[in-house]
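Data block below; observations after.
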Amino acid sequence: MSDSATLAPDRLATLRDHLRTPTARLLDHAQKLQLHAEDLGQEVFLPELYKIQSAGKHLLEIVDELVGPWAATIDDIDFARLRFEVRGSLNHTVGYIEMLQERADELEQRGFLPDLEAMRADCRQLVDVSKAPPPAAPTPAAPTAPSRLPASSASTATEEPPAAGTLLVVDDNVQSRNHLGRELQRQGYRVVHAGSGPSAMERLRADTFDLVILDVIMPGMSGYEMLQWLKADPKLQDTPVIMISAMSEIEHVVRCLVIGADDYITKPFEPVLLNVRIGVCLERHRWRQQEQKYLRQLEEERILSERLLLNILPKPVAARLRQGEDVIVDALPDVTLLAVQVLPFPPTDAASTTPAAAATEMVALLNDIFTTFDPLAQQWEVEKIKTHGHTYLAACGLFPPQPDHAYTVVDLALALQRAIATLAATRQRPLHLRIGIHTGPVIAGLIGLHKFSYDLWGDTVHFATHLATTAPPDRIQVSPATETILRDRHRFEPHELEIPGQGLTTSYLLFTDPPSV
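Under the numbering used here, the first residue of the sequence shown carries the number 1401, and numbering increases by one thereafter.
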């Protein structure tokens, strides 16, 4: 080109860097997506990812051929051929990326999309760089999109280009520090300098950095000591660190990696290699952050799932279900059941209330009543089994067996009477309960695959429910078996009870004081 001779010699190195770095990123993204697709079993993504990797390797060969070390100045570069070769290779690559984006949307695998969009951005950068040699000084400019590449978002001429990341360069040598800083700024990074370990510690406490580039040999606090301090700080230990030193002996590299460094680069560094390794390190850190985010989300989902499961099942049953038991059933010889029936109540304004409004009011009030019962059942360690219509069923002595389960259930029944009296006073409307209690054997088990439920079966369940149905309002009616257990602590009066198909039998009504509000 006519104006190429006026460009500084280091523009050639910058050109190589600007071509090789996005190509290396493109390959890195494709390789990571390949591993991700294999982990997910999404083999449908693999053919295009293999093609992108092949195209990226071919592109590196083109760059090495046309902008290789043989070139001494910008005038040695055939930009017409470079532009033709790069665009030809990228047109196929962009086509593969677009196919993968469409496939990711169709299969709802949107975790692929950020990397695919980053790959398209790398393609745009390569097309722009191949058009002409880099300018004499870095000047922000909106990239011109090729015909097959999407245009970047609009920006005004006064906007600063976004930094690729904020890096902290720690080196006691001013010239080395400034040289490295200039190179990193040319790559689009925001760079902060520190001339010693203590100075770097202050900056790390005051600002947030995406990566630290740390010299190994420094007076006072060495790079080893600085690295140990950083990795011991819970707030900073995840910050990636690249060590840089003129020492290439393997023992120094190993020592830094053992302490916790992410990479080790020897001086003098190759700018392209430095930029690629920084990019890989930052990308790895972003993947770790994303992984930690997903792990936190998974833990939150696990806690929520556990909470929902425990709202449906007793804790021991939920544990057995998680351990893979297909059939969960227990024959329990001695438990006490509590059946509570809420007496029907009229709407607050029966004359003007529509059927729909009356139904809404009824369900809302039943919800208030039963959610008032739930914490009391937990307090008395009685297991709520289910609600059915106006009936609330709970049991004591299931998990684990309790020798005093009958006493516990009666105490809970008295607490429920006090609670309903308080709620009636608050709502300023009459609310009444019938309560039945029976002690005996039950069969307990888990039923169903979808919307499963834990339930109880047997005559004990039927009898407890019948006791609640036939109890006088605001009274607690117990079976003979329960009365025999409780007679040493409570007073009862006999009560005739008719059992369908069996005739009359004797039940017992508990003597209680009127509940106080």
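For each residue, glycine too, the CB sits at the ideal point set by N, CA and C. Note that the structure is predicted; figures quoted are calculated from it, not measured.
When DSSP labels each residue in this structure, what does residue i get in the three-state scheme?
i, result
"Arg-1959", "No statement about residue 1959 is possible, as the shown extent of the chain runs from 1401 to 1917 and does not include it."
"Ser-1576", "helix"
"Arg-1420", "helix"
"Thr-1906", "strand"
"Val-1653", "helix"
"Thr-1539", "Confidence in Thr-1539 is poor, its pLDDT being 39 and thus under 50, which makes the residue's placement unreliable; the coordinate value appears in the next sentence. If DSSP states are grouped into helix, strand and coil, Thr-1539 belongs with coil."
"Glu-1438", "helix"
"Phe-1911", "coil"
"Arg-1720", "helix"
"Leu-1713", "coil"
"Pro-1514", "helix"
"Ala-1557", "Summary for Ala-1557: the model assigns pLDDT 34, below 50, so the residue's position carries little reliability; its value from the coordinates is reported in the next sentence. Of the three classes helix, strand and coil, the one that applies to Ala-1557 here is coil, per DSSP."
"Ala-1794", "strand"
"Ser-1552", "Any reading at Ser-1552 must be qualified, since the residue scores a pLDDT of 34, below 50, and its modelled position is unreliable; the value itself is stated next. Ser-1552 falls in the coil class under three-state DSSP."
"Ser-1454", "helix"
"Pro-1873", "coil"
"Thr-1544", "Below a pLDDT of 50, predicted positions are generally treated as unreliable, and Thr-1544, at 37, falls in that range; the measurement from the model is reported next regardless. Thr-1544 falls in the coil class under three-state DSSP."
Output yes or no for whether 8 angstroms exceeds the beta carbon distance between residue i and residue j.
i, j, result
"Leu-1833", "Ala-1844", "no"
"Val-1676", "Thr-1421", "yes"
"Ala-1864", "Ala-1739", "yes"
"Val-1570", "Leu-1580", "no"
"Asp-1572", "Met-1618", "yes"
"Thr-1661", "Ile-1678", "The question names Thr, but residue 1661 in the sequence shown is Ala. For Ala-1661 and Ile-1678, no; Cβs fall outside 8 angstroms."
"Leu-1798", "Pro-1714", "yes"
"Gln-1741", "Thr-1822", "no"
"Leu-1657", "Ile-1665", "no"
"Leu-1567", "Leu-1630", "no"
Sort the options by Cα distance to residue i and report the nearest one.
i, options, result
"Thr-1529", "Tyr-1496, Ala-1504, Met-1499 and Glu-1485", "The sequence given here has Val at residue 1529, not Thr. The option with the nearest alpha carbon to Val-1529 is Glu-1485."
"Asp-1734", "Ser-1454, Ile-1885, Tyr-1450 and Val-1569", "Ile-1885"
"Gly-1858", "Glu-1602, Glu-1670, Leu-1737 and Ile-1728", "Leu-1737"
"Gly-1840", "Trp-1629, Val-1444 and Pro-1803", "Pro-1803"
"His-1805", "Ala-1825, Gln-1741 and Glu-1883", "Glu-1883"
"Glu-1465", "Ala-1824, Leu-1765 and Leu-1419", "Leu-1419"
"Ala-1564", "Asp-1572, Ser-1576 and Arg-1590", "Arg-1590"
"Gln-1525", "Ala-1504, Arg-1487 and Gly-1511", "Arg-1487"
"Arg-1891", "Gln-1817, Arg-1829 and Tyr-1807", "Tyr-1807"
"Tyr-1908", "Gln-1902, Gly-1620 and Pro-1894", "Pro-1894"
"His-1838", "Phe-1852, Leu-1695, Ile-1820 and Ile-1876", "Ile-1876"
"Glu-1649", "Lys-1667, Thr-1772 and Val-1878", "Lys-1667"
"Pro-1801", "Ala-1731, Ala-1868 and Leu-1910", "Ala-1731"
"Val-1782", "Leu-1812, His-1790, Pro-1755 and Thr-1772", "Leu-1812"
"Leu-1584", "Phe-1669, Leu-1630 and Ile-1452", "Phe-1669"
"Pro-1598", "Leu-1490, Arg-1520, Arg-1887 and Gly-1623", "Gly-1623"
"His-1866", "Arg-1889, Gln-1902, Arg-1425 and Tyr-1854", "Gln-1902"
"Ser-1510", "Ser-1454, Arg-1577, Leu-1460 and Ala-1437", "Sequence check: residue 1510 is Arg here, not Ser. Out of Ser-1454, Arg-1577, Leu-1460 and Ala-1437, Ala-1437 has the C-alpha closest to the C-alpha of Arg-1510."
"Asp-1505", "Thr-1423, Lys-1786, Val-1444 and Thr-1826", "Val-1444"
"Lys-1461", "Ala-1424, Ala-1480, Asp-1522 and Leu-1440", "A small correction: the amino acid at residue 1461 is Glu; Lys does not occupy that position in the sequence shown. With distances taken between Cα atoms, Glu-1461 lies closest to Ala-1424."
"Phe-1911", "Leu-1897, Leu-1708, Pro-1872 and Leu-1904", "Pro-1872"
"His-1685", "Leu-1776, Pro-1716, Trp-1629 and Phe-1609", "Phe-1609"
"Met-1519", "Ile-1899, Asp-1476, Leu-1604 and His-1429", "His-1429"
How far does the beta strand (DSSP E) with residue i in it extend, from its first residue to its last?
i, result
"Phe-1892", "1892-1899"
"Asp-1663", "1663-1666"
"Gln-1920", "In the structure as shown, the chain begins at 1401 and stops at 1917. Residue 1920 is therefore absent and cannot be evaluated."
"Met-1643", "1641-1645"
"Val-1612", "1611-1615"
"Pro-1801", "From DSSP, Pro-1801 is part of no beta strand (DSSP E); its letter is neither H nor E."
"Ala-1564", "Unbroken run through Ala-1564: none, as it is neither H nor E."
"Glu-1783", "1783-1788"
"Leu-1846", "1833-1847"
State the start and end residues of the unbroken alpha helix (DSSP H) segment that holds residue i.
i, result
"Val-1742", "Taken as a continuous stretch (DSSP letters only), Val-1742 belongs to no alpha helix (DSSP H), being part of the beta strand (DSSP E) at 1729-1742."
"Glu-1761", "1755-1779"
"Leu-1627", "1623-1632"
"Ile-1497", "1479-1506"
"Arg-1603", "1597-1606"
"Thr-1869", "1859-1870"
Check your understanding: Within the chosen definition, does the segment 1633-1646 reach the segment 1583-1595 through at least 3 CB pairs nearer than 8 angstroms?
Key -> As far as the Cβ criterion goes, the segment 1633-1646 does not touch the segment 1583-1595, which means the pair count is below three.
Check your understanding: How about the segment 1487-1498 and the segment 1444-1455: do they share at least three Cβ pairs that are nearer than 8 angstroms?
Key -> Cβ pair count under 8 angstroms is three or more, so yes.
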